[in-house]
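For reference, the structure is listed below as structure tokens.
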Amino acid sequence: MPIDEATKLGRGVWLPQPELVNIYGAIIGDETRIGAFVEIQRGARIGALCKIQSHTFIPEGVIIEDEVFIGHNVTFINDIWPVATNEQGILLGAHDWELRETRVKRKASIGSGATILPVTIGQGALVGAGSVVTRDVADYAIVAGNPARFISDIRERRIAAATTRET
Amino acid sequence: MPIDEATKLGRGVWLPQPELVNIYGAIIGDETRIGAFVEIQRGARIGALCKIQSHTFIPEGVIIEDEVFIGHNVTFINDIWPVATNEQGILLGAHDWELRETRVKRKASIGSGATILPVTIGQGALVGAGSVVTRDVADYAIVAGNPARFISDIRERRIAAATTRET
Amino acid sequence: MPIDEATKLGRGVWLPQPELVNIYGAIIGDETRIGAFVEIQRGARIGALCKIQSHTFIPEGVIIEDEVFIGHNVTFINDIWPVATNEQGILLGAHDWELRETRVKRKASIGSGATILPVTIGQGALVGAGSVVTRDVADYAIVAGNPARFISDIRERRIAAATTRET
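Chains as they are written, first to last, in our numbering: chain A, 497 to 663; chain B, 497 to 663; chain C, 497 to 663.
In structure tokens:
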């Protein structure tokens, strides 16, 4: 079943294509919207009023706070030394590796096509589309590139945009 | 339903896995092929004789002309300042943001894994696999990288390849 | 049907979401695990004891040896000059282009979000998340970036990690 019974869906969660997602053991906050072809794993926690767009993958160890925008085709990482088997050639089980956590703080936005290593992404920050984020992102920072680097502060951009409109 | 009634499918459109796509309100031209795990949104327009490969996302505001190749896992962007909620903490609706358009001209090819910001991609151009395209691409240009930069003119490459074969 | 009859599944292959994959004409080795939203094409060969994570695309011409880890949202390329139609404007068929092969050797790991051009990836090598691999990767090499470049030898990292733990 694409959404298992262990998943806790908040009030008013909206999934336009519930047959085309794979969500198991996750916690999803109120009024969050989740697109098609999304996988959210056991132990992932998504806040309220988030948008999780199509094709995105959110594994165990990822905590997304309220009012966060996660674009299309965003991939989170929770294992920085992934292997299929151990030195004896035995397939690794669910607990045979070290979980690394990621937190995306309130009102942050992650652009489509981004890859997010285990980091903290600050409140109101913006990760540019197609970026690979390898280090923590400060509150309100705009970052972009591979690896993602600081571009500017989003609060300055908004002031500049408002000023331009007025003149 | 994975393909809604508002979608206009041209003659001879081929979808090998119609149960595994999410297409709504889009216009698809004659004889175009569309792979699995593809999402095409309301207002997107795809020309005739295109190949849209698996895992690709095409939102509103994207116009793809005839005979275009879109690789696997290509992500188009139509919102360069994405947010989940407004300043009052209310989830944004369908019209609370600025749509930015993308046009992919005739016979262009976009490599798999590319991310395309709102730009124009010229006729016969080639976007390398895994690129992040942040600026317009000239007709017949080959671009690659993050951000994508001009590599060469595809017409010169074809002449070089033909010459090599003859000698 | 998401897994066609021409596919040869080894003993103990595990697909937690068989309704949400698209696998046709492929060969899958014993005890390999395959996630949701994965497409594996005719002619692709996957070894035993591999992990193929969600959203990954494996086309014809890709050979994956035993005990390989393929992360989420990994895209392999088998056509470096993709086009939709020929010069006469006719849609290309299955054999109208040059297949380029990729081999991923035993115990290699490919990070999530990576794009792999037609290359050989060496035994025990590690491709960093979000990388675009354009050249062969040596045995036990760690590579990362777009284009991916050599970072270090994974055997040295493991010795360093072991030493740190002991002191």
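Backbone N, C-alpha and C define an ideal beta-carbon position, used for all residues, glycine too.
Quick check on residue i: does DSSP put it in helix, strand or coil?
i       : result
L516(C) : helix
E535(A) : strand
E652(A) : helix
A580(B) : coil
K547(C) : strand
I617(C) : strand
S628(C) : The question names Ser, but residue 628(C) in the sequence shown is Val. The answer is strand: DSSP assigns V628(C) an E or B state.
S605(B) : strand
F646(A) : strand
V666(B) : Absent from the model: residue 666(B). The displayed extent of chain B is 497 to 663, so no value can be given.
L588(A) : coil
V633(A) : strand
V564(C) : coil
L595(A) : coil
T611(A) : strand
T663(B) : Any reading at T663(B) must be qualified, since the residue scores a pLDDT of 44, below 50, and its modelled position is unreliable; no value is offered.
Could you tell me whether the Cβ atoms of residue i and residue j are closer together than 8 Å?
i       : j       : result
S627(B) : V639(B) : yes
L545(C) : E527(C) : yes
G641(B) : N642(C) : yes
S550(C) : E535(A) : yes
T503(B) : A532(B) : no
A604(A) : V558(A) : no
A625(B) : V633(B) : no
I554(A) : Q537(A) : yes
A540(B) : E556(B) : yes
My assumption, with CB atoms under 8 Å, is that residue i sits in contact with residue j. Please give the rounded CB distance.
i       : j       : result
R596(A) : I576(A) : 6 Å
I560(C) : V600(C) : 5 Å
R529(A) : I542(A) : Contact flag wrong, Cβ pair sits at about 10 Å.
I612(C) : T598(C) : 6 Å
P498(C) : P514(C) : 6 Å
Q619(B) : R602(B) : 5 Å
V623(A) : I650(A) : With 8 Å as the limit, V623(A) and I650(A) do not qualify as a contact, their Cβ atoms being about 11 Å apart.
Along the beta strand (DSSP E) that carries residue i, what are the first and last residues, could you check?
i       : result
R507(B) : No beta strand (DSSP E) contains R507(B), which DSSP labels as neither H nor E.
I559(C) : V558 to I560
R599(C) : T598 to V600
A640(C) : A637 to A640
- [ ] Report the residues of the region 607 to 639 of chain A with a CB closer than 7 Å to any CB of chain C, ordered along the chain.
- [x] Those would be T611, L613 and V628, in chain order.
Task: Where the region 557 to 584 of chain C meets chain A: residues whose CB sits under 9 Å from a CB there - done: So the close ones are D562, E563, V564, F565, I566, G567, H568 and N569.
Task: Selection of the region 521 to 544 of chain B by Cβ proximity to chain C, strictly under 7 Å - done: Of all residues in the region 521 to 544 of chain B, E527, A532 and F533 have a Cβ within less than 7 Å of some Cβ in chain C.
TODO: Select from the region 498 to 521 of chain A all residues with a C-beta closer than 9 Å to any C-beta belonging to chain B, and list them in chain order.
DONE: Of all residues in the region 498 to 521 of chain A, those with a C-beta nearer than 9 Å to a C-beta of chain B are P512, Q513, E515 and L516, reading in chain order.
Open item on the list: To be precise: take each residue of the region 585 to 602 of chain C, compare its Cβ to all Cβ atoms of chain A, and keep it if any distance is under 7 Å. Which residues remain?
Closed with: Listed by position along the chain: nothing, the set is empty.
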